[in-house]
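Chains A and B, in that order, are what the protein sequence lines are.
Just so you know, our numbering puts 42 at position 52 of the first sequence, and the rest follows in order with no gaps.
In our numbering, each residue's number is its place in the second sequence (first place is 1) plus 1.
Even glycine gets a Cβ: it sits at the ideal position worked out from N, Cα and C.
Predicted model, so just to flag it, every value in this text is computed and none were measured.
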Amino acid sequence: MIVRIAGEGQFRIDEACVDRLNELDAEAVTAVEKGEEEKFHEIFARMIEIVRSDGKPLGDDELTVSDVIIPPADTSLEEVRDDFTGEGLIPG
Amino acid sequence: MPGLAGRFSVVVKSKINKLLDKAEDPGETLEYSYQKQIELLQNVKKGLADVVTAKKRLQLQSQKLEQQVVKLDTQARTALAAGNEDLARAALERKTLAQNELQSLDQQVTELENQQQQMVDSEAKLRTKIDQFRTKKEVIKAQYSAAEAQVRISEAASGVGEEMADVGLAMQRAVDKTENMRARASAVEELEKAGSFDDLTALGPGQDDIDRQLAQLTSATEVDSELAKMKAELGQGSGAPAELGSGGDAAPAPTPAATDAPQKEESA
């Protein structure tokens, strides 16, 4: 799966990584629903960290569309409120 | 729709569709798409220049404020040495305000520096992607039939389109931030013009309003403790038997000495 962190770049991640992200994604949705800002930021930061550390950056010469786009790391809860509803960033 | 297809993805898709709808002929689509990319690259450069300008302006303001802090400190000392505690207090209040402003300015400069770096990175990346697209474009035009070309073009345009949308979004955020800072910087300039940071000798009778504002903005305790410290220092300077090192709470305060026997012509 190809993931883009907005403003940062694209990464290729494996299935195991997707599963972990999915779990955090669901937690993030719950945090947003409850309006728990601190918790949301903590989860969101972990999601980004996983992509950065486990993902392989795509070369600058690859022109590929991403499967998932993660908002910029420094986004506020307000900015992503709409992204973290229902199924979250990653469907399924 | 899940978050994945949120605001960002919508922007990306509409950008790509606009590109593809623009021309019937694949060759034309490619050229149009390429032209749009070059335009975006120019915009990034312009945005970068704006960030640099905003940063320079803030740095200039920061320098001016630093000078003000030194000046107000000297004024407070002079006023206190002359026995005018009210004036010294007013100067210290202004100093505190200037210091607070300085701190927030420095923070903003750091933020803009990060922004600048991010845009430099985006620009480099976008440039590589555009180069890649240009090569692909020529290959597609030379090797594929119209129908096949359409598919390849979609792929290439979508990939580069996402990159463009990403850079566009990053730029929008940078511009918004810069705008906010610019507004703040203007507010500080207004305050300076209104005389709040001006030379204290220029303080006229009609400026009680500023004083009231200052009193609200600055922490009284901070000013009080600094005033006490200054008094102690001045007391030491006049040869009082004050040994106020660290934790000299038990020692008698030398403050009355400073007011009882004001030193004349004692300039620092």
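Discussion item. Need the endpoints of the alpha helix (DSSP H) that V19 (chain A) sits in, please.
Written reply: For V19 (chain A), the uninterrupted alpha helix (DSSP H) segment begins and ends at E5 to K24.
Worksheet item: Excluding five sequence neighbours on each side, which residues of the same chain lie with their C-beta closer than 7 Å to the C-beta of K137 (chain B)?
Response: Within the same chain, and ignoring the five residues on either side of K137 (chain B) in sequence, the residues whose Cβ sits closer than 7 Å to its Cβ are A157.
Worksheet item: CA-CA distance, D51 (chain A) and K130 (chain B)?
Response: Those two C-alpha atoms are separated by around 6 Å.
Discussion item. Could you check whether A99 (chain B) and Q76 (chain B) sit closer than 8 Å to each other, using their CB atoms as the reference points?
Written reply: Their beta carbons are not under 8 Å apart, which means Q76 (chain B) does not touch A99 (chain B) by this criterion.
Worksheet item: Quick one: what does DSSP say G(-1) (chain A) is sitting in, helix, strand or coil?
Response: Residue state, collapsed to three classes: strand.
Worksheet item: Could one say the Cβ of T75 (chain B) lies closer than 8 Å to chain A's Cβ atoms, at least one of them?
Response: No, because no Cβ of chain A sits closer than 8 Å to the Cβ of T75 (chain B).
Worksheet item: Is S43 (chain A) close to chain B, meaning its C-beta is less than 8 Å from at least one C-beta of that chain?
Response: Interface residue (Cβ-Cβ distance to chain B less than 8 Å): S43 (chain A) is not classified as such.
Discussion item. Quick check: is the beta carbon of V55 (chain A) nearer than 8 Å to any beta carbon in chain B?
Written reply: Against chain B, the CB of V55 (chain A) has a partner CB under 8 Å away; the residue lies at that interface.
Worksheet entry | Near-chain A residues of the segment 133 to 161 of chain B (beta-carbon distance less than 8 Å), N- to C-terminal order | In summary, the residues of the segment 133 to 161 of chain B whose CB is separated from some CB of chain A by less than 8 Å are Q133, F134, K137, E156, A157, S159, G160 and V161, in the order they occur in the chain.
Worksheet item: To the nearest angstrom, how far is it from the Cα of E69 (chain A) to the Cα of A55 (chain B)?
Response: Cα to Cα, the separation comes out at about 24 Å.
Item to complete: Assuming L88 (chain B) contacts A82 (chain B) (C-beta within less than 8 Å), just tell me the rounded distance between them.
Response: About 11 Å; that fails the 8 Å criterion.
Worksheet item: Is E102 (chain B) buried or exposed, if buried means 16 or more other CB atoms sit within 10 Å of its CB?
Response: Answer is buried; the Cβ neighbour count reaches 16.
Worksheet item: Are R(-6) (chain A) and G45 (chain A) close, meaning C-beta to C-beta below 8 Å?
Response: Their beta carbons are not under 8 Å apart, which means R(-6) (chain A) does not touch G45 (chain A) by this criterion.
Item to complete: Please list the partners that A(-4) (chain A) has in chain B, where partner means a Cβ-to-Cβ separation under 8 Å.
Response: Per Cβ cutoff of 8 Å: F9, D167, L170 and A171.
Practice prompt. Can you tell me which of the three DSSP states E244 (chain B) falls into?
Written response: Bear in mind that a pLDDT of 45 at E244 (chain B), under 50, signals an unreliable position, so the number given afterwards is only what the model happens to contain. Three-state result, E244 (chain B): coil.
Worksheet item: Hey, V110 (chain B) and Q151 (chain B) are a contact pair by Cβ (cut 8 Å); roughly how many whole angstroms apart?
Response: In fact, because the Cβ distance is near 49 Å, the residues do not count as touching under 8 Å.
Worksheet item: Under three-state DSSP, which class holds V58 (chain A)?
Response: Annotated three-state conformation of V58 (chain A) is strand, per DSSP.
Item to complete: Measure the alpha-carbon distance for N12 (chain A) versus S43 (chain A) and round it to whole angstroms.
Response: Answer to the nearest angstrom: the Cα atoms are 16 Å apart.
Discussion item. For D64 (chain A) and M231 (chain B), what's the separation of their Cα atoms in angstroms?
Written reply: Approximately 43 Å, taken between the alpha carbons.
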